[in-house]
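Below is one structure, written out as structure tokens, with a few remarks after it.
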Amino acid sequence: MSDPGANPRPAVPRTLGADADAAYVRFDNVQKSYDGVTLVVKSLNLDIAKGEFLTMLGPSGSGKTTCLMMLAGFEPATHGEIFLNGRPINNVAPHKRGIGMVFQNYALFPHMSVEENLLFPLEVRRMPRDEARRRVGKALEMVELPGFGGRRPAQLSGGQQQRVAVARALVFEPDLVLMDEPLGALDKQLREQMQYEIKHIHESLGVTVVYVTHDQSEALTMSDRIAVFDDGVIQQLSTPDELYERPQNSFVAHFIGENNTLHGTVADIRNGECRVAIDGCGEEVSALAVNVERVNGRTTLSLRPERVEIAPPGTDGFNTLEGRVEELIYLGDHIRTRLTVAGHDDFIVKVPNTHAHRRLKIGEAATIAWLTEDCRALDPIAS
Amino acid sequence: MAATSIDMSTTATGELLTADGRPLKESLQRSLRRRKLTALALVAPAVVFLFVLFGMPVIYLMTWSVDDTQVNNALPRTFAAYQQWDGEELPSEPLYEAMFKDVAEASGIQIGRASTRMNYAKSKWKSLMKKTKRQVKALLGTDPDFAGPYKEALIGIDKRWEDISFWHSLGIMKDPYTLGYYLNSFDLQYGFGKEVVQQPENRRIYKTLWMRTLMISVIVTLACLALGYPVAHLLATLPLRYSNLLMICVLMPFWTSLLVRIVAWMIMLQQEGVINDTLVWLRLVGDESRWQMMYNFTGTIIVMTQILLPFMILPVYSVMKGISPAYMKAAQNLGAPPAIAFLRVYVPQSLPGVGAGVILVFIVAIGYFITPELVGGKDGQMIGNYIAYHLKSSLNWGLASAMGVILLTAILILYWVYDRVVGIDNMKMG
């Protein structure tokens, strides 16, 4: 494992909650190791504002779930401190943190009815019986399951169990709710429906939500901000549109959405833009100098497929490269076109299915064109 | 909907028919028959095995426990004549004649069996019958045409034939079936008129024995639960490499001979044993007042608990293994302190395993006999020891069978109660 300081990707600026006092949840230089040899979470600094919906997104093993478990209190931080509402909570037992949580497989108690499950957090808080029942009824109404109180979890469908789990995490009115891949076990349609419902519950209750997922579309749909995790480090922390349109490094560009890469060498850096000589064809193109260090350094260019055009000859103001059409996939509203560009045959262009665009043929030579502002020069990855 | 008409007709009663006109139900059954036959053929050997080696013995056991035909078979004339006797004074000539002829005709083995049974009704019957058989044989040897007077002859053989109580005791045995063995199992017996009376005071042992057996089983079961539950929990929650080691420790006793284990305990528990020596060496106990931990109730409890512990740990463990650690986390996250979370969330989910373990240990314990035999001494004996004693020493198989059936019934009642209280479907053996 490399030293976190030597990571070529830059530390990410905090856009929200930079003021420590305003942060509702704060990770202060938190590190976590399970075996004393490797760090699962490397020097995590993260501020979460009150009422925010923050998603921790990343591949498995990136440390996102570990962060959530440290926040819930089930894993101690090896180093650093976690603050909740300005109070350090490293030595606070999980049951005293007052944080709601939706578990991956819901963890509904199978020997209790739905109502008993929801009453549980209120009973351990010694809430009067009538008040507790009223709250449970309200919570079940919120997740649109009134009248289901007498059922056992096993008698519910996956989606209904999910709603009960959400209701149980909210019934004792915590200010912070953690969700650990709560939609992972549902089918696609139900998952999308639940995304909106959770989003609406978040908006109407104003609770702070920390949500863990490896599904980027889920993250983009629901979040105020997304923290992209890889290798125990937050690679980028920003809003969904920012994340998609302005990835700060190659990992983020690759992980979020579809992405074309071109490898090359930096020839010149000027005014936030750079000239890059593309491997394989030698031509120079312009790109935004997002994450390049020096002239003659290696870089990877990132281009979204929908921001590239198959250019009619003689286009001004565009960067262009020559390619050859390898494959055409008809998708109705657009045609997914795979080309060989600069020696690699995996360059994808989404050609809109409009009158203005002429039909391409396989094997045909084509010129691809893009604007400099849509092309980002990032840290090099192995070609 | 009916864009295309499906070629399917119905009978007059509205049953669906298949394409070839057979009722659908019949066709379905026909198509499933082969599968059913295969399934049946696969389970047949096990069912036959179970019936021959378990079902039949149980049926025999139940028959023996009520069977009272030994005397009837040996003395048919006597019992026919016995019906006429008023029982007021000594029987008259016909009953003596019947007895004489029965004894003369019955084989030695028949008389042996019958007299053993008669001896349970009244002692001294055995010697009387043997002596009579011998003398009658001798008498007929010298005078094959002997034709009475039989009363005189029998009384001449033995004065006891003049004792009316012997004749009265025959009344207990006149029916081919008897509940006498069951009465004996509870320190009761038939009086001469088949009325139920208590055994003589010096022969009352079984009621205490049943109570003690029940008590030992309950104590052993509770001790196993108290000791086994934490071990099972540890087994289910430790990381694999530690839990494997622990599992071997739990299973080790299974791989060791029962006798070796009991002898090991005897070495530990005896008055000059390891525990007492250590206590004396530590000066916690005086040399003259060493603890008596063996050949008594305590010894039986200690050793049986150790031997039956795996029967508790394994079913409890197998259920605990299936309880996701997420439940405990969820409970704590919802605000329950660890102890409350354990009691309200973990323990209820482990109950199916506890039920299975309790039933298993209790059933094995209630019929145990090797351990009490070796370390039980006098007040650590259980009902199993007496069943074994009647099977191999006193040869009172009727009584042994009756006690066996009572044990079986007790276990069935336990099952029934468990089913009513917890539900047998809830039990998980692993």
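Those protein sequence lines, which keep their order, are chains A and B. Using the working numbering, read the first sequence as starting at 102 and increasing by one per residue. Using the working numbering, read the second sequence as starting at 946 and increasing by one per residue. Glycine is no exception: its CB is placed at the ideal position from the N, C-alpha and C atoms. The structure displayed is predicted, hence computed values, not measured ones.
Check: Inter-residue CB distance, L1242 (chain B) and D1324 (chain B) (contact presumed, cutoff 8 Å); Outcome: According to the sequence shown, residue 1242 (chain B) is Phe rather than Leu. That pair is a contact at about 5 Å.
Check: Buried versus exposed, by CB contacts within 10 Å (16 or more), W1155 (chain B); Outcome: buried
Check: Those residues which DSSP pairs with S339 (chain A) across a bridge; Outcome: A:I327
Check: Validate contact between the region 1300-1318 of chain B and the region 1252-1266 of chain B using beta carbons, cut 8 Å, 3 pairs; Outcome: yes
Check: Reference E1318 (chain B), options B:G1000, B:D1012, B:I1207, closest by Cα; Outcome: B:I1207
Check: Bridge-paired residues (DSSP) for E182 (chain A); Outcome: A:D129
Check: Neighbouring residues, chain B, relative to N206 (chain A) (Cβ below 8 Å); Outcome: S1269, A1271
Check: N- and C-terminal bounds of the beta strand (DSSP E) containing L985 (chain B); Outcome: No beta strand (DSSP E) contains L985 (chain B), which is instead part of the alpha helix (DSSP H) from 969-995.
Check: Candidates B:I1054, B:S1037, B:V1264, B:W1030, of which the one nearest A1098 (chain B) by Cα; Outcome: B:S1037
Check: Rounded separation between P1021 (chain B) and A1092 (chain B) - CA only; Outcome: 19 Å
Check: Where the alpha helix (DSSP H) through P1021 (chain B) begins and ends; Outcome: 1021-1027
Check: Neighbour flag for V992 (chain B) against chain A, beta carbons, 8 Å; Outcome: no
Check: C-beta neighbour in chain A for L1279 (chain B), strict 8 Å; Outcome: yes
Check: Close beta carbons around M202 (chain A), own chain, < 6 Å, minus the five adjacent residues each side; Outcome: A173, A270, L279
Check: Near-chain A residues of the region 1281-1299 of chain B - C-beta to any C-beta below 7 Å; Outcome: A1281, P1282, I1285, V1290, P1293, Q1294
Check: Strand pairing of Q1134 (chain B), partner residues [DSSP]; Outcome: B:V1142
Check: For P1175 (chain B) and N1017 (chain B), believed in contact at Cβ under 8 Å, the rounded distance; Outcome: Not confirmed; about 59 Å, so no contact.
Check: C-beta neighbour in chain A for A1275 (chain B), strict 8 Å; Outcome: yes
Check: Same chain, Cβ closer than 6 Å to C407 (chain A), neighbours up to 5 away in sequence not counted; Outcome: Per the sequence shown, the amino acid found at residue 407 (chain A) is Glu instead of Cys. Cβ within range, chain order: K451.
Check: Spatial neighbours of A266 (chain A) in its chain, beta-carbon cut-off 8 Å, leaving aside the 5 residues before and after; Outcome: V203, F204, Y207, A208, L209, P283
Check: Extent of the continuous alpha helix (DSSP H) run through G365 (chain A); Outcome: Premise fails: G365 (chain A) lies in the beta strand (DSSP E), 361-371, not in any alpha helix (DSSP H).
Check: is_contact[P211 (chain A), chain B] using C-beta, thresh 8 Å; Outcome: yes
Check: Best match in B:T1023, B:Q1215, B:S1114 for proximity to Y1095 (chain B) [C-alpha to C-alpha]; Outcome: B:T1023
Check: Helix, strand or coil at A478 (chain A) according to DSSP, with G and I counted as helix; Outcome: strand
Check: The region 1070-1085 of chain B in contact with the region 1131-1142 of chain B per 3-pair CB rule at 8 Å; Outcome: no
Check: Cβ-based contacts, 9 Å cut-off: residues of the region 186-203 of chain A near chain B; Outcome: A194, P195, H196, K197, R198, G199, I200, G201, M202
Check: Under 8 Å between C-beta atoms of R437 (chain A) and I449 (chain A); Outcome: yes
Check: Sequence-distant residues of the same chain with beta carbon closer than 7 Å to T1316 (chain B), five excluded per side; Outcome: I1207, T1245, V1248, M1249, I1252
Check: G966 (chain B) classed as buried or exposed, judged by whether at least 16 other C-beta atoms fall within 10 angstroms; Outcome: exposed
Check: Reduced DSSP secondary structure (H/G/I, E/B, other) of G201 (chain A); Outcome: strand
Check: Contact check, T401 (chain A) vs P481 (chain A), beta carbons under 8 Å; Outcome: yes
Check: Amino acids of chain B, ordered along the chain, whose beta-carbon sits closer than 9 Å to that of V225 (chain A); Outcome: A1276, L1279, G1280, A1281, P1282, I1285, A1286, R1289
Check: 8 Å Cβ cutoff, A173 (chain A) in contact with chain B; Outcome: yes
Check: Beta-carbon proximity list for V1141 (chain B), same chain, < 8 Å, skipping 5 on both sides; Outcome: L1128, L1133, Q1134, Y1135
Check: Contact set for D325 (chain A): own chain, Cβ-Cβ below 6 Å, skip 5 residues either direction; Outcome: E153, F154
Check: Candidates A:S403, A:C382, A:E394, A:R127, of which the one nearest A388 (chain A) by Cα; Outcome: A:S403
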